[in-house]
Every structure is written in C-alpha cells, then in structure tokens.
Amino acid sequence: MPKDGDIKSGIGASSKRREDVRFLTGNGNYTDDINIRGQAYVFFLRSDVAHGTLNSVDTSAASAMPGVVQIFTGADFEAVGGIPCGWEVTDKHGQPMQEPKHPVLAHGKVRHVGEPIAAVVADSLEQARDAAEAIEVDISELPAVINMKDAFKEGATKVHDDLTSNLCYDWGFVEENKGAVEEAFKNAHHVTTLDLVNNRLVANPMEPRVAIGDYARSDEQHTLYTTSQNPHVIRLLMGAFVLGIPEHKLRVVAPDVGGGFGTKIFHYQEEAFCTFAAKACNRPVKWTSSRSEAFMSDAHGRDHVTTIQLALDKDNNFTALRTDTLANMGAYLSTFASSVPTWLHGTLMAGNYKTPLIYVNVKAMFTNTVPVDAYRGAGRPEATYQIERVIDMAARELGADPVALRRQNYVTEFPYATPVAVEYDTGDYHSTMDKLEEIGDFSGFEARRKESEAKGKWRGLGINNYIEACGIAPSNLVGQLGARAGLYDAATVRVNATGSISVMVGAHSHGQGHETAFPQVVADMIGIDESQIDIVHGDTSKIPFGMGTYGSRSLAVCGSAMVRATEKIIAKAKKIAAHLLEASDTDIELKDGMFSVAGTDKSVAWGDVTLAAYVPHNYPLEDIEPGLEETAFYDPSNFTYPAGAYACEVEVDPDTGKVTIERFAAADDFGNVINPMIVSGQVHGGIAQGVGQALLEGCSYDQESGQLLTGSYMDYAMPRADDLPFYSVDHSCQTPCTHNPLGVKGCGEAGAIGSPPSVVNAVIDALHSGGKKVAHIDMPLTPDRVWNAINNA
Amino acid sequence: MYNFEFEKPSSIADAVAALGGDEAQALGGGQTLIPTLKQRLASRTTLISLSNIPEMQGICTGDDGALCIGGATTHGAVASGAGAYPGLAALAGHIGDPAVRNRGTIGGSLANNDPSACYPAAALASGATLVTNTREIASDDYFLGMFETALEEGEIITEVRFPIPEVSHYEKFVQPASRFALVGVMVAKFADGVRVAITGASEEGVFRWTEVEAALSANFSPDALDGLTLDADNMIGDLHGSKEYRAHLCGVIAKRAVVKAA
Ligand SMILES: Cc1cc2nc3c(=O)[nH]c(=O)nc-3n(C[C@H](O)[C@H](O)[C@H](O)COP(=O)(O)OP(=O)(O)OC[C@H]3O[C@@H](n4cnc5c(N)ncnc54)[C@H](O)[C@@H]3O)c2cc1C
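Each protein sequence line maps, in turn, to chains F and C.
In terms of this note's numbering, the first sequence opens at residue 125 and continues consecutively.
In terms of this note's numbering, the second sequence opens at residue 214 and continues consecutively.
Structural data, given as structure tokens:
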C-alpha cells in the first residue's frame with residue numbers, strides 16, 4: 125500500500141484543497157454576500173414564551189412605521205402548506221406516526237421559544253426591527269412541556285391539541301424479535317444495565333443560515349438563494365409541498381456554504397417565507413440569521429434518554445441487547461427528524477459485534493423546544509455511544525479487558541446480516557484495533573498513568589469501536605421504510621471541445637472539499653491533469669436532480685454517478701478515437717490521456733478526440749451524435765459501512781474535576797481513499813465535534829419555563845483548538861466497499877460518531893484509577909459534573 | 214441596535230461635560246456595552262467615547278511607587294506594559310481573546326463590575342485606588358455587588374493606582390463557555406500583609422477572603438489554607454457549577470495562586 129504523499133495526482137493523492145484559496149482570502153461567495161438590487165429585509169418576531177395561545181397579533185401601528193413594506197402573520201399562510209416531514213415512520217402497531225402541521229408563521233398557538241410569529245419586511249433591517257417592536261402580540265401562556273418523561277405522562281399538557289398525546293410514535297425494532305430477546309435476557313449469565321442521556325446539541329455552523337427570495341414577474345420565475353446542503357431537496361419540498369410552485373418556475377441556489385453539519389439539510393420556514401414574500405412584495409427579500417436566532421431556530425441534534433441492557437453468557441459472549449429510548453422531536457417534525465432515532469439508529473445497534481438478538485424501542489416525543497433533527501452522524505452516534513458505553517461497563521463489572529471483550533465478539537465474516545435488518549458488506553475490525561493499539565501506544569499507557577499520578581492527576585484510557593452506515597439506499601427499500609424521497613444521486617460530465625471538463629453534481633460541498641476530490645477521480649479515469657476538471661454544484665438550474673450532501677454519502681453515491689457518467693464518456697470517446705485511428709473501438713485503449721490501438725503505435729490524444737466531437741468534420745455522424753456530455757444517476761444497492769476503533773487518553777484533575785485530553789488516536793476503515801489529506805481533515809473535525817459533545821456542549825432549557833438557558837456562546841461551550849490534543853489518525857486499513865465502483869465508504873461523520881464513547885470511557889477509567897468507583901457520568905463531562913461524581917463516589 | 218449620537222472628546226473635562234447630556238453614556242472599549250446595544254437590551258441617545266483622551270491612556274509609576282494605569286488603557290496595553298506588576302500583566306493577558314484585549318479597557322471592566330470579571334479581583338486584592346473625575350475611591354469601598362459600584366451617574370474612572378505587591382498571582386479557573394472566571398483568585402503579598410480577592414464565585418460579586426488573608430499573612434504557604442472553607446450559601450449556582458462546587462473551587466484555586474505567587 126502506498127504511503128500518504130507517495131501518489132502525486134489522481135486517486136490517492138493529497139491534492140491541496142483548491143477551494144481554500146477563495147475561502148482563506150475572503151473571496152468566498154456566501155449567501156449573505158449576495159445582494160440583489162432593490163432588496164428588502166425581513167425581521168422575524170419570534171416567540172419569547174415556550175407555549176401559549178396566540179390570542180391576537182396586532183400589526184396596525186407597526187405597519188405605519190417608516191420603511192415598512194409589508195407585515196405578515198400566520199393568517200397570511202393559512203392557504204399555504206405546512207413545512208413537510210420527509211419520512212413517515214410506522215409504529216410498532218403498524219400505525220403511521222402522528223404528524224402535526226408545521227406552519228410557516230405561528231397560527232393559533234406558539235410552541236417553542238424562537239418560533240416565528242410575524243415577519244416584517246422593510247427597506248432596512250433596522251426599520252424592520254423597529255416595526256417588529258411595535259407589533260402587539262397577545263399570548264396566554266400555557267404550561268410548557270420540556271422534559272420528555274413529563275411529556276409522556278398520562279394527562280400531560282399537549283404540545284398539539286389535535287394529536288392524541290405527545291407521542292409521535294412508539295417504534296419497535298425488530299418487533300418480531302422482542303420475545304426471543306426477553307428470553308435471552310432471562311437465560312443470561314450476566315446483564316449490564318446503563319441509563320444514559322445523549323445530550324442535546326446545537327450544530328453551530330460558522331455561517332448562520334441566510335435566505336433570499338427573488339421573483340421575476342416577467343417570466344414568473346422564483347429564485348431562492350439559501351444556505352443549504354441540498355438545493356434540489358429544498359426545491360422539491362418547498363415547491364411541491366409548501367408553496368405550490370412547479371419546478372421549472374423555481375430555482376434554488378446554495379452557493380458557498382460555511383458548514384452544515386446536518387442542520388442545513390432541512391427545509392425551514394424562513395426559506396418558504398422569503399420565497400413567498402418576494403412575490404407578495406414584488407421585491408427581493410433577504411434574511412440573515414443572527415447567532416441568537418440560530419440558537420433558537422436551527423434544528424438541534426441528539427437529545428435521547430436511554431436505558432440499554434447487554435446480556436452475556438458465562439464465556440463473555442454477547443447474547444442479547446435491548447434498548448429503550450425517548451427521543452426528543454421538539455415542537456414540530458423537522459425534515460428528517462422522524463428517521464434519526466429509528467432507521468438511522470436502530471439499524472446500527474449491532475455495532476461491530478455478532479450479538480444475535482437485539483430489540484430496540486424508541487418513543488419519539490413532542491416537547492415545547494426547537495425541533496430536533498440530524499446532526500453529524502444522526503442516530504449512529506446515539507447507537508455507538510450506547511453500545512460502546514455498555515460494553516465498557518460490562519467489562520468493568522466482569523473484570524474483563526475491554527479490548528479483549530470487544531475482540532471476542534467482533535463480526536469477522538462478511539457479508540454479515542445483522543439482527544437489525546442490515547447487511548455489512550465488508551470490514552476487518554481486528555485490523556483497525558491492531559492499528560489502534562499501535563498508534564495509540566497502548567503498551568506505554570501504564571507508564572504514562574504513573575507519570576500523571578506523580579503530578580497528582582488521574583489518567584485514563586478509553587477505547588471504542590464504531591460502525592456507521594453511509595449513503596443510505598437503495599431508494600426502493602428506503603421508500604418501504606417511509607422515506608418520502610429517493611436516495612440516489614446524479615452527475616453530468618460535460619467535456620468541452622478542447623478537452624477540459626465540467627462535472628455537474630448533485631452533491632453539495634460545504635466544507636468537504638468536493639471541488640478537489642471529485643476531479644481527482646475523473647482525472648484518474650481519463651489520465652489527464654486534475655486542473656482540467658472543475659465541478660459545478662449548488663444551483664438547481666445547472667445541476668441534475670441529485671439529493672445533496674449528508675450522511676457521508678457524497679463520494680459513495682454521487683461520486684459513483686460521476687464514475688458511471690465518465691465511463692459513458694470514455695466509451696463514446698473510444699468510438700470517436702476508433703474512427704480517427706481507423707480501428708475498431710474494441711481495440712482502443714485509453715491511458716494517460718492518449719487513445720491507442722492495442723498492439724500498434726497508432727494513437728490520438730484526448731484533446732483531439734474531444735475536439736472532433738464538437739467539430740465533427742471527420743466524424744462517424746451516421747453512428748454517433750456529436751458532442752461529449754453524459755449524465756448518470758446512481759442508486760446504490762446497499763449502505764456502505766465505514767468502521768473503526770478510537771482511543772482517548774485523559775487526565776482528570778481530582779481537585780477540580782477538569783478533564784484534559786492528552787492523546788487521541790483514530791484508526792478508520794473508509795475503504796478506498798481518494799484524498800488522504802482531506803479524509804484526515806474530516807476525521808479531525810469530526811473528533812473535535814465529538815469531544816465537544818463529550819466534554820463541553822450541552823443545550824439546556826429551563827425545565828419549567830422552557831426558556832433556552834444556553835442561547836449564546838457565553839453559556840454554550842464550543843470546542844476550541846486548545847481543548848484538543850494532536851491526533852494520531854490512520855486510514856490505512858482498507859476493506860473496499862464491495863458494491864460501488866470506487867470502493868469508497870464515506871468519512872464525514874466517523875469522527876463525531878466514534879469519539880464520544882472513548883472520551884467518556886477514558887474519564888471513567890481515570891476515576892477508577894483514582895479509586896473512585898463511578899459507573900457513569902452523563903455528557904457533557906464538565907468539571908462540575910466530574911467533581912460531583914468524584915465526591916459522591 | 215438603536216441609532217445613537219457618537220462623540221469622541223479629547224479631554225476628561227470635555228467628556229464629563231458631554232456625559233452631562235440627556236441619556237449619555239461613556240463608551241470604553243465597547244466589549245460589553247456594544248453587544249448589549251446590538252441586542253437592543255439597552256439604548257442610549259449619545260455614546261461618549263473615552264478612547265481619544267490622552268490623559269486616560271498609558272501606564273506609569275507614581276511618586277508613592279504605585280503603578281498608575283489610565284482608565285482607558287486596554288487590556289493588551291496592560292499585558293505588555295505592566296511589567297512592574299507581573300501578576301497584573303499576566304491577568305490582563307488572559308482576559309478574553311486578542312480582539313477583546315485590544316479594545317476592552319480597565320476602566321470599562323471596573324465600571325461594569327461583572328461578577329465573573331478578572332480586573333475587580335486585581336483591584337481589590339491590590340488595595341488599588343480608583344481615581345475618577347471627582348474623587349479617589351479605595352477599592353474596599355468601590356465594589357458594591359454584582360454589576361454595582363460606588364460610581365455616580367456620569368462619573369468616569371480616569372486612572373487606577375495599584376500598589377505593587379512583593380509577590381502576586383491571579384489564578385483563573387475558566388467557565389468553559391465564556392472563559393470568564395468560574396472562580397478567579399488574586400493573591401497579593403505586601404510587606405504589611407496578604408490580600409486575597411475572589412471573583413466569579415459569589416452572588417455579591419468580588420470579595421476578600423479575610424480568614425485566608427490572616428492565615429497567609431502569618432504563613433505564606435498553601436498549607437495555611439488547610440481547613441479554611443467558604444459557606445456555599447452565598448455562592449453563585451448555575452449551569453456551569455453548583456454553589457458547593459464554587460465554594461470548593463475557591464479553596465483549591467486560592468492554594469494554586471499561592472503556590473504560583475511564592
Ligand atoms: C468575548 C469576550 C470575552 C471576554 N472575556 C473576559 C474575561 O475573561 N475576563 C474579563 O474580566 N472580562 C472579559 N470580557 C469583558 C471585557 O474585559 C470588557 O472589555 C470589559 O468588561 C468592559 O470594558 P470595555 O472597555 O469594553 O467597556 P464598555 O463595554 O465600553 O463599557 C462597559 C461599561 O462601563 C462603562 N465605562 C466604560 N469605560 C468607563 C470608564 N472609564 N469610567 C466609567 N465607566 C466606564 C460604560 O459606560 C459601560 O457601562 C470579555 C468580553 C468579551 C466580548
């Protein structure tokens with residue numbers, strides 16, 4: 125296997141990220157950089173109470189304020205569809221989930237702090253804000269439902285009066301296995317039980333959300349510029365379900381986007397509002413979220429409360445696993461909210477282990493909080509955290525070595541059909557663990573533990589495995605599971621006359637480096653320089669109908685479509701070359717950008733062939749069309765299953781409870797790697813977010829009033845560079861995906877999925893080495909929480 | 214932010230006169246005031262910037278040996294220019310981030326008296342004197358509680374005079390999100406005794422821990438703190454730390470400050 129850096133171009137090269145030139149020199153074109161002549165600004169008046177009856181919204185005084193163009197309230201949107209949910213989950217009784225209407229502007233009731241009540245469009249943002257202060261809102265406050273356990277209680281206040289309860293669904297998976305799982309627990313030699321919370325997070329992309337609606341009367345054309353990870357999905361959801369605009373009259377542009385992390389997948393009210401208002405006001409309408417608004421209007425992540433149990437036999441084999449989760453949906457169902465605790469979580473509960481029997485129950489609850497949806501990893505971090513924490517706890521209870529206990533239970537034969545409905549195509553969990561033991565220097569740990577002890581610190585080592593599922597597919601299967609969209613992707617390869625190439629892709633790059641990595645693949649296939657290829661993304665008027673970027677799917681799904689389209693290009697180009705070389709196309713070989721006739725010295729360059737395609741003077745016009753442009757849609761036959769092993773070493777200061785991460789190692793199997801540098805970068809960032817979740821971040825609501833307590837960076841702790849160590853990351857263990865043409869698996873979420881359990885396992889280990897028999901601490905492991913745990917042990 | 218008038222006088226006298234106007238307020242580095250204005254949590258007709266007044270800038274040594282810092286001197290300038298009082302320079306160098314330190318001022322910080330701010334601990338532990346346009350206020354009389362000070366409406370801090378201790382150290386245990394002090398302890402040892410001031414912990418704002426001062430005056434070593442504790446009742450209890458945790462941290466952080474000062 126070549127080392128990172130050995131390969132200079134094409135697949136496997138650490139080509140520098142070309143997009144960084146514009147990002148680092150301030151030349152990016154973000155949505156907020158777009159200003160359209162004559163644009164007006166909207167300010168959303170948002171609810172400052174968590175739950176209440178909206179008696180009246182009086183805009184008369186406000187409407188007369190300087191600069192006001194128009195003021196909208198919920199009544200203006202009665203004829204308009206609600207914000208749709210993209211996934212219908214069926215509960216354990218075969219009934220569809222409860223799905224409340226999600227209005228563009230609150231109507232009748234407000235259901236969370238931050239819900240928009242009215243929207244003021246004015247000549248300037250300050251005028252809009254002034255006018256918003258003059259709106260008289262009369263709300264009768266109702267008791268707020270914040271805690272999921274309270275929400276579930278008989279007779280609890282209902283978030284939605286027209287639903288039977290606060291329960292969105294009660295999902296059992298796999299329901300038929302439930303009895304057998306119970307039986308296995310009865311017969312178990314040992315059962316480990318763990319209650320845990322997967323803490324609620326705010327995604328906090330560096331760029332807050334922005335939307336600009338524009339409308340051209342002349343041709344009835346709507347344009348929405350928005351900070352989205354998937355412009356075609358927004359066009360479909362908003363056009364078809366909310367505003368009733370046909371696709372050919374609606375263009376959605378997502379230019380440079382400054383980080384998404386899942387929270388920019390979803391279709392939001394503000395997008396629908398700006399699109400609607402641009403036509404109503406006959407002016408472009410722009411909204412730029414403030415950071416404060418982002419905290420109370422971007423979909424949050426995680427927020428699961430779980431009991432997990434692991435059953436083992438007398439030889440420490442895992443015999444069964446069961447888990448009960450309350451999953452917070454917030455006040456409304458965001459676009460993919462319902463799928464996260466179910467299909468993206470339950471199907472991963474086998475982890476890397478051959479546990480034969482698994483049962484997952486999830487009760488999704490409505491509460492008076494911001495909607496919760498996918499956040500980097502989406503469901504898979506929640507699954508991994510449970511599995512890897514309960515295994516660690518079991519190892520401690522049984523006095524087993526945590527590495528050996530895991531190894532003993534690994535899946536080793538592939539393909540492997542799990543008891544939770546998915547089939548792992550390939551993997552080699554021992555080899556990533558071997559690699560981890562090496563790069564994590566496990567053998568040196570005891571010496572380091574002693575060094576820490578000498579300084580009065582407690583050192584701990586925590587490890588875990590993870591597996592995730594990327595590129596969720598195939599479409600017909602996910603359709604059966606309730607998805608209201610296809611999950612293929614698409615690419616158009618347009619070869620220009622002189623041989624340069626534009627690739628229009630459905631994937632969207634918002635930090636992932638597609639503009640660099642995608643051309644590497646095409647360059648490699650044709651044998652030309654990467655600089656000859658550009659990708660085009662983020663504009664529905666330019667790109668084919670692809671589904672965008674989330675779930676680490678871009679290369680595995682859209683990259684595969686690009687490969688297929690390039691294969692079509694090469695096949696056609698070979699025919700043209702055959703004509704030029706007066707040979708049969710089956711004898712034509714393509715290497716390093718030259719077509720040659722096998723066994724001869726006759727050849728023609730890529731550029732001559734492409735020129736012939738567009739200047740078809742000497743060309744087989746009777747057999748093939750001129751031009752060189754191909755599109756492919758790719759619908760994968762299965763998910764991909766990246767997996768790996770992570771290790772974290774911490775020091776705990778027993779006097780203050782402060783945790784510092786001393787070392788972090790990650791051994792990942794991403795299958796084939798196109799650009800190792802970019803992959804390392806993705807892992808670095810993912811680990812930073814995972815460490816953030818484990819040690820720092822936690823979104824908190826006042827349990828009585830429903831006020832957001834962590835509404836700014838004064839109280840919501842983001843990870844900073846000095847919270848993190850230098851990482852050792854490795855992705856040399858590669859078992860290529862068996863079912864996509866690139867053999868790639870996806871790497872975008874691994875770091876965030878794989879890191880929280882090892883951090884928590886390490887802290888628990890450290891406390892034990894200090895003689896404190898603490899079984900568990902819920903994330904984030906703040907100094908206060910760790911100190912309390914030490915004191916109560 | 215609401216619209217406001219902006220004035221940038223070049224003398225203390227002009228600033229004081231301007232502050233006599235209706236709804237006028239002093240603007241230091243704006244690191245606290247501007248965010249509150251932007252969020253529309255406050256509004257003022259006129260802001261009087263103190264950043265262009267030479268008399269309020271810079272660091273010098275007074276006749277009595279005290280370090281005199283102009284009220285509009287930035288944290289960054291103190292970090293690099295208060296070498297005569299290393300404990301104070303180090304404190305200033307760890308306030309916020311470079312952007313905050315390049316704008317935020319000592320006068321603004323002391324006028325604001327945030328219960329988690331760093332400078333109040335230094336002023337109180339040093340027995341500093343706050344010089345205003347009308348009088349001199351001893352630090353022991355200046356801090357009146359969270360965000361409350363002895364300043365009158367329109368009164369500005371023009372200079373702060375710090376007696377320089379023999380040894381000192383400010384130890385800050387940060388609140389993880391804001392990185393203000395969850396508990397910050399300034400220890401200053403003078404020829405005639407030790408002063409210890411704690412920020413971040415109490416619901417009454419910065420305070421002196423007199424038992425510890427007495428113990429350290431007798432024996433300037435961390436052991437002197439053994440057995441001395443603070444009552445958790447008056448401590449701040451919030452998302453980032455319970456009352457008990459803060460009370461406990463005061464002891465731990467005070468000991469560390471002593472170790473590093475010695
Ligand atoms: C990101 C960030 C991190 C921070 N971290 C810390 C930290 O770790 N520790 C810490 O201590 N502080 C921290 N701060 C606060 C910072 O130190 C501020 O600079 C300081 O609190 C206020 O000083 P200012 O000069 O900016 O005052 P301004 O914001 O301009 O004014 C604050 C108040 O003081 C009044 N005022 C200003 N100057 C005077 C004067 N000379 N006389 C009388 N009244 C005056 C104003 O009228 C106003 O009421 C942080 C701030 C930010 C934004």
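Glycine included, C-beta positions come from ideal geometry on N, C-alpha and C.
> Using a C-beta cutoff of 8 Å, does residue 386/C count as contacting chain F?
Replying inline: yes
> Beta carbon of residue 264/F: closer than 7 Å to some heavy atom of ligand 1?
Replying inline: no
>> Extract the residue ranges of the alpha helix (DSSP H) inside the segment 408 to 433 of chain F, only unbroken runs of 4 or more that lie entirely within it.
In response: 415 to 421
>> Please classify residue 348/C as buried or exposed, where buried requires at least 16 neighbouring CB atoms within 10 angstroms.
In response: exposed
> Counting contacts by CB-CB distance shorter than 8 Å, is residue 578/F in contact with chain C?
Replying inline: no
>> So with CB distances below 8 Å, who are the chain F contacts of residue 465/C?
In response: 779 and 780
>> Just to make sure I have the definition right: I need the residues of chain F whose C-beta is within less than 7 Å of the C-beta of residue 390/C. Which are they?
In response: 837, 838, 839, 840 and 841
>> Tell me which residue opens and which closes the alpha helix (DSSP H) that residue 907/F is part of.
In response: 907 to 916
> residue 479/F and residue 538/F look like a contact to me (Cβ under 8 Å); what is the Cβ gap, rounded to whole Å?
Replying inline: With a Cβ gap of about 16 Å, residue 479/F and residue 538/F do not count as contacting.
> Beta-carbon separation of residue 589/F and residue 767/F under 8 Å?
Replying inline: yes
> Is the beta carbon of residue 512/F less than 8 Å from the beta carbon of residue 762/F?
Replying inline: no
>> Closer than 9 Å between beta carbons: that is the criterion. Which residues of the segment 891 to 913 of chain F meet it against chain C?
In response: 904, 906, 907, 908, 911 and 912
> Taking the DSSP output, what are the residues bridged to residue 719/F?
Replying inline: 714/F and 728/F
> Taking 8 Å as the CB-CB limit, is residue 832/F close to chain C?
Replying inline: no
> How would you label residue 313/F, buried or exposed, when you count the other beta carbons within 10 angstroms and need 16 or more for buried?
Replying inline: exposed
>> Taking only three categories from DSSP, how would you classify residue 472/C?
In response: helix
> Given that a residue counts as buried once 16 or more other Cβ atoms are within 10 Å of its Cβ, and exposed if not, what is residue 722/F?
Replying inline: exposed
>> I'd like to know whether the C-beta atoms of residue 315/C and residue 360/C end up nearer to each other than 8 Å.
In response: no
> Out of curiosity, what's the CA-to-CA distance linking residue 372/C and residue 392/C?
Replying inline: 26 Å
> In whole angstroms, what is the alpha-carbon distance linking residue 417/F and residue 333/F?
Replying inline: 9 Å
> If you compare alpha carbons, which of 216/C, 230/C and 271/C is closest to residue 252/C?
Replying inline: 216/C
> Counting contacts by CB-CB distance shorter than 8 Å, is residue 383/C in contact with chain F?
Replying inline: no
> Does any CB atom of chain C fall closer than 8 Å to the CB of residue 879/F?
Replying inline: no
> According to DSSP, is residue 452/F helix, strand or coil?
Replying inline: strand
> What residues in the segment 797 to 830 of chain F have a beta carbon less than 7 Å from any beta carbon of chain C?
Replying inline: 820 and 824
> Name the chain F residues whose beta carbon is nearer than 9 Å to that of residue 453/C?
Replying inline: 839, 841, 906, 907 and 908
> Bridge partners of residue 871/F, per DSSP?
Replying inline: Residue 871/F pairs with nothing; no bridge assigned.
> Assuming residue 662/F contacts residue 378/F under a Cβ cut-off of 8 Å, what Cβ separation, rounded to an integer in Å, is found between them?
Replying inline: 4 Å
>> Please state the DSSP three-state secondary structure of residue 282/C.
In response: strand
> Can you tell me whether residue 850/F is buried or exposed, with buried defined as 16 or more other CB within 10 angstroms of its CB?
Replying inline: exposed
> Going straight from the alpha carbon of residue 896/F to that of residue 772/F, what length do you get?
Replying inline: 19 Å
> Is residue 487/F helix, strand or coil when you go by DSSP?
Replying inline: strand
>> For residue 458/C, would you say it is in contact with chain F, using Cβ-to-Cβ distances shorter than 8 Å as the test?
In response: yes
> Who are the neighbours of residue 462/C on chain F, taking C-beta pairs under 8 Å?
Replying inline: 780
> Does the beta-carbon of residue 463/C have 16 or more other beta-carbons within 10 angstroms, so that it is buried, or is it exposed?
Replying inline: buried
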